[in-house]
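**Student:** Below is the structure I would like to discuss, written out as structure tokens.
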């Protein structure tokens, strides 16, 4: 493509941003609009401005993060840390170890694992040496790790960033760089026991994070494949029809059917038969009913899947989580490597998160609107074998918590609430009431640090008492240890409680103990 | 380059690996050789094998991580978590907030920040869109973050991976992907107060990690530049001579001098004058002495640097850390962006870490051999201004803890010690003494999980009691809750203490409390 053509495309996409911005401006007084949405639009416009030459037509440097990525400021990090702690506690409660793998893999390690999504993989530039790609998920590196180290059973979690050159939609928590929190059980075990534990984990995490009501949809790849077979889909179209079915959470059935018929070449009758099945939702009863279904009975693998769904539900009853689990024949999940049970956790409380246009159009007529998937996973018994030189299989099942959308929701909650998020854990500020006490302040804070107290001191020779106190108010530091000539003479420190403005003298020897007492978390 | 040429180069580098491997084999009975070294050599040979065609000449898939990277297994992760906790506690004790930035930046964000090291930056492939590079350190992204968000003061830490296409030396903890733990103070403050706090932090962390004895070398870019000026180095050679001086910790003075004279074109006399200065080490006294030095007095900026070193040492005395800090005129540090104080933490206890050949050759005649830098940093007052459209400066000083070498040392320590590293925190295993108790086991573990107890259950219908107990022994699980027909009839559980093999019945209602009592960390 010539430079001019390139410029046109860029300018046009830029105009798209302008149009969006105009829409945003007209929405200015609508209460649904968020600061994050505005930021995103501003970023688009600034990018456009930079492309067309900046303020003065010079080729100006653009001060931004890469498209689809973002920084986390201290407030966001404080929220993120809380979410991670909840998730990690749950993984540890279930006895998981943790591993880490590099952010990039040999390109060939990722090849042939993601089907149509492979086009979204980031490659590294060939600078001489190996061809590398950024990891697309944590599952394929996990399988590579198992095969490479000949590990046949492990229960592990892995929390790390993954990379997808997808169309970002940052206000909805869709980024090109995002965290995944994965928990997987590898090993030859009795059917559905590890699978049920994964669902128990999703249930625990989504409950503890207090994101509002949720559902966990369950299906099985064997049921999908069997259903396609008995409906008359040709074998070589299973995968592509599967990814069309996967769009049902974002598109109306009519559009999904259109894609099956017009793009993928199914007959209307076949599509309609699929349509009948994928509208079914239920529990163990639905699995039992389908095990009586004359058409389903023609497929051995569908029956195997349905029996396992029954068994799964019996374990889920023991785990006390059936209240949220739905057997849903429309659940497909895009990835190629699943071989059995698949599942997805979705938040159902409308209004908690921004609802996308697509989701609104395609929403089922039920009482709750799906606001998107926040967890997903399934069984992949063949993936490790793809890496083993002798093809030895290690059965695996796992779940991935999609943390970015959860962050978005909790961030909005925090913004909406009046409660201030503390970004440090400082217990006490060492301050002075008069000039020329830097040396004394540094001596005192050294005592505190050496005793393990979290303490701050202003990096100025002669800071004003007021500005020291203001800093405490702003950042939520609960105590101030104030030094003055008189206190030094008396061998004491004036301790001030920021919240109550109460002040009292305390001997230097008792200071550490007093700070600990007053800031212990119990 | 044609394909044949390419192959020759590859094969030759492969032969290098073969030679190394032969050397390793001949060293087989030497006690100094480690498992990690052997693994590294094996990896090199396997890479060579893959390059020349695999077992049977077919183009076989190579099961490995990218060159210079590694996985962390659960044991390594347990050690890593401990190190991170020590470091993060210290950063939090000093009142730092934390931020996160994306793993890649716009290529131009990194351009012109790293001098000669820029060639080591990983670029992403141009797949349409922005040109991106993996971050090389956390300092430049931090400066970009400050400028972009117009932040003029912050104390923040950031722990994340960075990427350098360097020659890996994995046994010495030099990787292409590695963690940095950075602490920085940005803002306009009084001279040397934040700088001294950074050194206090290095002192605290290196002490707490118990890595053996260490030194913190301190110098100042202004002293180096002033010294170059008064010795007669032309202005435009300051930077390149600086990076030659930086090699003094790995090369003998004779070789450094040779590089200055032969490669960089200094006269012998100029080099010798530099040689005299860079052999000087001391404390506040040395700074005072140099402030009387007739030649140094000719340089205003050297004097400014020397006065600041004096001031710094006075604060370090108050912080009680002068025992480990040395003013060392040979310390240069390679990066372009430093403008004032620079420092480096080095371990001095020989034999703790593998000593490189270069380090042995170039070691000073002193009583301790440097085993390498584990922390480094300095003042960079101009970097944020490079990103600000109006060039507004934000003075910054910071320190980066080089965690990989620290891991290597602690890993070797753990390997050498008999103590087992636990990789999970499981408190109790739910086991059964007879068959057909899966349902009962799942009911019981649900009770425990719901009460927040960390518990495991075997994913088998009828596991043998022995194999359940063995699993506890192997993974250090302290308690087993055993169910049998009799216990179920009596409404009790048999609790077994793995270490003592003691067993006793306990009522179901008291179980959670008893497990908590016996596994509380206090």
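Chains as they are written, first to last, in my numbering: chain A, 1 to 522; chain B, 523 to 1044. Cβ atoms here follow ideal geometry from the backbone N, Cα and C, with glycine treated the same way. Predicted, not measured: the structure shown is a model, and the values here were computed from it.
1. At what residues does the alpha helix (DSSP H) containing residue 749 (chain B) begin and finish?
2. Would you kindly work out how many angstroms separate the C-alpha atoms of residue 736 (chain B) and residue 867 (chain B), rounded to a whole number?
3. Starting from residue 809 (chain B) and walking both ways along the alpha helix (DSSP H), at which residues does that stretch end?
4. For the structure I just gave you, are there three or more beta carbon pairs, one from the region 383 to 400 of chain A and one from the region 188 to 198 of chain A, closer than 8 Å?
5. Buried or exposed: where does residue 671 (chain B) fall if 16 or more other Cβ atoms within 10 Å of its Cβ makes it buried?
6. Is the Cβ of residue 102 (chain A) closer than 9 Å to any Cβ of chain E?
7. Under the three-state reduction of DSSP, which class applies to residue 459 (chain A): helix, strand or coil?
8. Just to check my reading of the structure: residue 229 (chain A) and residue 314 (chain A) have Cβ atoms closer than 8 Å, yes? What is that Cβ distance to the nearest angstrom?
9. Assuming residue 669 (chain B) is part of the alpha helix (DSSP H), what are its boundary residues?
10. Would you mind stating whether residue 896 (chain B) and residue 855 (chain B) have Cβ atoms separated by less than 9 Å?
11. Please classify residue 450 (chain A): is it buried, with 16 or more other beta-carbons within 10 angstroms of its beta-carbon, or exposed?
12. Just verifying my parser: in three-state terms, what is the DSSP assignment at residue 700 (chain B)?
13. In three-state DSSP terms, what is residue 263 (chain A)?
14. For chain A, is any of its Cβ atoms less than 9 Å away from the one on residue 715 (chain B)?
15. Apply the 10 Å Cβ neighbour rule to residue 1012 (chain B) and answer buried if 16 or more other Cβ atoms are within range, or exposed otherwise.
16. Starting from residue 489 (chain B) and walking both ways along the alpha helix (DSSP H), at which residues does that stretch end?
17. Quick test of your reading: residue 183 (chain A) and residue 201 (chain A), contact by CB under 8 Å. State the CB separation rounded to the nearest angstrom.
18. Below 9 Å on C-beta distance, what does residue 423 (chain A) contact in chain B?
19. With DSSP collapsed to three states, give me the class of residue 845 (chain B).
20. Beta-carbon of residue 638 (chain B) versus every beta-carbon of chain A: anything under 9 Å?
21. Out of B:903, B:845, B:781, which has the shortest C-alpha to C-alpha gap to residue 729 (chain B)?
22. Could you check if residue 418 (chain A) is buried or exposed, using at least 16 other CB atoms within 10 Å of its CB as the buried criterion?
23. Less than 7 Å between C-beta atoms, sequence neighbours within five positions excluded: which residues of the same chain meet that for residue 164 (chain A)?
24. State whether the region 268 to 278 of chain A contacts the region 231 to 250 of chain A, with contact taken as three or more CB pairs (one from each stretch) at a distance under 8 Å.
25. Beta carbon of residue 666 (chain B), beta carbon of residue 318 (chain A): below 9 Å?
26. Select from B:974, B:627, B:646, B:754 the residue whose C-alpha is nearest the C-alpha of residue 788 (chain B).
27. Within 9 Å of any Cβ in chain A, is that where the Cβ of residue 849 (chain B) sits?
28. Use the C-beta contact count for residue 615 (chain B): other C-beta atoms within 10 angstroms, 16 or more gives buried, fewer gives exposed.
29. Just to confirm my understanding: we take residue 357 (chain A), look at its own chain, exclude 5 residues before and 5 after, and list those with CB closer than 8 Å. What are they?
30. Does the region 731 to 746 of chain B come within contact of the region 825 to 836 of chain B, defined as at least 3 CB pairs closer than 8 Å?
31. Taking the C-alpha atoms as reference points, what is the distance between residue 474 (chain A) and residue 673 (chain B)?
32. Closer than 8 Å by beta-carbon distance: list the chain B residues that pair up with residue 320 (chain A), in chain order.
33. Round the Cβ separation of residue 1004 (chain B) and residue 1018 (chain B) to the nearest angstrom and send it over; I've been treating them as touching at under 8 Å.
34. Report the residue from B:957, B:1036, B:811, B:775 whose alpha carbon sits nearest the alpha carbon of residue 794 (chain B).
35. Please give the ranges of any beta strand (DSSP E) in the region 438 to 501 of chain A, keeping only runs that are unbroken, at least 3 residues long and fully inside the region.
36. Among residues of its own chain, excluding the 5 on either side of residue 796 (chain B), which ones have a beta-carbon nearer than 6 Å to its beta-carbon?
**Tutor:** So, from the data block:
1. Annotation: the continuous alpha helix (DSSP H) that includes residue 749 (chain B) extends over 743 to 753.
2. If I take the Cα positions, the gap works out to 7 Å.
3. Run containing residue 809 (chain B): 806 to 812, per the alpha helix (DSSP H) assignment.
4. Look at the beta carbons and you see the region 383 to 400 of chain A touching the region 188 to 198 of chain A: at least three pairs across the two are nearer than 8 Å.
5. Sixteen is the threshold: since fewer than 16 other Cβ atoms of the shown chains lie within 10 Å of the Cβ of residue 671 (chain B), the residue is exposed.
6. Absence of chain E from the displayed structure is noted, the protein chains being A and B.
7. In the structure shown, residue 459 (chain A) sits in coil (DSSP, three-state: anything other than H, G, I, E or B).
8. Rounded, the Cβ-Cβ distance is 27 Å, inconsistent with contact.
9. 661 to 670 is the extent of the alpha helix (DSSP H) around residue 669 (chain B).
10. For residue 896 (chain B) and residue 855 (chain B), no; Cβs fall outside 9 Å.
11. Residue 450 (chain A) is exposed by the Cβ-count criterion.
12. It is a strand residue.
13. In the displayed model, residue 263 (chain A) falls within a helix according to three-state DSSP.
14. With 9 Å as the cut-off, residue 715 (chain B) counts as an interface residue toward chain A.
15. Under this definition residue 1012 (chain B) is an exposed residue.
16. Residue 489 (chain B) lies beyond the stretch modelled for chain B, which goes from 523 to 1044, so this question has no answer here.
17. Confirmed, about 6 Å.
18. Proximity of chain B to residue 423 (chain A) at the Cβ level (cut-off 9 Å) is accounted for by 619, 620, in chain order.
19. It is helical.
20. Cβ-Cβ to chain A under 9 Å: no for residue 638 (chain B).
21. Just measuring C-alpha positions, the residue of B:903, B:845, B:781 sitting nearest residue 729 (chain B) is B:845.
22. Burial call: exposed.
23. Once the five neighbours on either side are set aside, the close Cβ partners of residue 164 (chain A) are 120, 136, 176.
24. Flag = yes, the region 268 to 278 of chain A and the region 231 to 250 of chain A touch.
25. Taking a C-beta distance under 9 Å as the contact criterion, residue 666 (chain B) and residue 318 (chain A) do not qualify as a contact pair.
26. Of B:974, B:627, B:646, B:754, the smallest CA-CA separation from residue 788 (chain B) is found for B:754.
27. It does not; no Cβ of chain A falls within 9 Å.
28. With 16 or more other Cβ atoms within 10 Å, it is buried.
29. Because residue 357 (chain A) sits at a pLDDT of 37, beneath the cut-off of 50, its placement in the model cannot be relied upon, and the point is left open.
30. Contact between the region 731 to 746 of chain B and the region 825 to 836 of chain B is present, because at least three Cβ pairs lie under 8 Å.
31. Straight-line measurement puts the Cα of residue 673 (chain B) at about 16 Å from the Cα of residue 474 (chain A).
32. Going along chain B in sequence order, the residues near residue 320 (chain A) (Cβ under 8 Å) are 968, 972.
33. Indeed, because the Cβ distance is near 6 Å, the residues count as touching under 8 Å.
34. When only C-alpha atoms are compared, the closest one is B:775.
35. Counting only runs of 3 or more, we get 455 to 457, 479 to 483, 492 to 497.
36. Same-chain partners within the cutoff: 753.
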